[in-house]
Amino acid sequence: MPKNLSSSLEDYLESVYALSLKDGFARASAVSRLLKVSKPSVSAGVKALAARGLLQQEPYGYIRLTPAGLRAGAEITGRHSLLKDFMVAVLGMPAADAERDACRAEHALSQEALRRVGALAAFLKNPARRAVLSAARAAAGRRP
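In structure tokens form, the structure reads like this:
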């Protein structure tokens, strides 16, 4: 994962990655709609990511990830999914809230914190451990 990517650049890269999985490419207009930002903002983000070797854009055309961009996009998407799934399954958060909070947290947590969240999530996949978690949630007045 390239260092020194801002949260917004990570969001652009994650969006291009998601769109590329579906179609093999992305368009600035689709990224704009997905992130609810202006097309000039997307253009600036795409230029910054291209300068870092993470994607290529044809003039007024397709945006394609480089191999480094594919790896970085997969990593960002993985962090997001891990956090969202953890928030829903372990913390009992509604999916929409978990989506919003995962998007914020994915940029802020260290690799070590993410590794530990993943380890805890794996630990809690054991049915007996999940039962203890459900009982603790019920005792705290939260949904099981």
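Going from the sequence shown to our numbering is simple: count from 1 and add 329.
Note that the Cβ used here is the ideal one computed from N, Cα and C, for glycine as well.
Contact under 9 Å by Cβ, residue i with residue j
{"i": "Glu435", "j": "Ile405", "result": "yes"}
{"i": "Gly407", "j": "Leu394", "result": "no"}
Residue i versus residue j - alpha carbon distance
{"i": "Ala397", "j": "Val419", "result": "32 Å"}
{"i": "Ala355", "j": "Asp340", "result": "14 Å"}
{"i": "Arg466", "j": "Ala460", "result": "10 Å"}
{"i": "Leu338", "j": "Ala450", "result": "28 Å"}
{"i": "Leu453", "j": "Glu387", "result": "46 Å"}
{"i": "Val366", "j": "Ser336", "result": "14 Å"}
{"i": "Leu438", "j": "Asp414", "result": "16 Å"}
{"i": "Leu364", "j": "Tyr346", "result": "13 Å"}
{"i": "Lys368", "j": "Ala377", "result": "14 Å"}
{"i": "Gly353", "j": "Arg458", "result": "40 Å"}
{"i": "Ala469", "j": "Ala448", "result": "24 Å"}
Of the listed residues the options, nearest to residue i (C-alpha basis)
{"i": "Leu411", "options": "Arg400, Pro423, Cys432, Leu383", "result": "Cys432"}
{"i": "Ala464", "options": "Ala379, Gly382, Gly421", "result": "Gly421"}
{"i": "Leu342", "options": "Ser370, Pro369, Leu384", "result": "Leu384"}
Nearest-angstrom Cβ-Cβ length linking residue i and residue j, presumed shorter than 8 Å
{"i": "Ala357", "j": "Ser372", "result": "6 Å"}
{"i": "Ala424", "j": "Val417", "result": "6 Å"}
Beta-carbon contacts of residue i that lie in its chain and below 8 Å, excluding the five residues immediately before and after
{"i": "Leu462", "result": "Val419, Leu453"}
Close-in-space but distant-in-sequence residues of the same chain around residue i (CB under 6 Å, 5 per side omitted)
{"i": "Ser349", "result": "Ala355, Leu394"}
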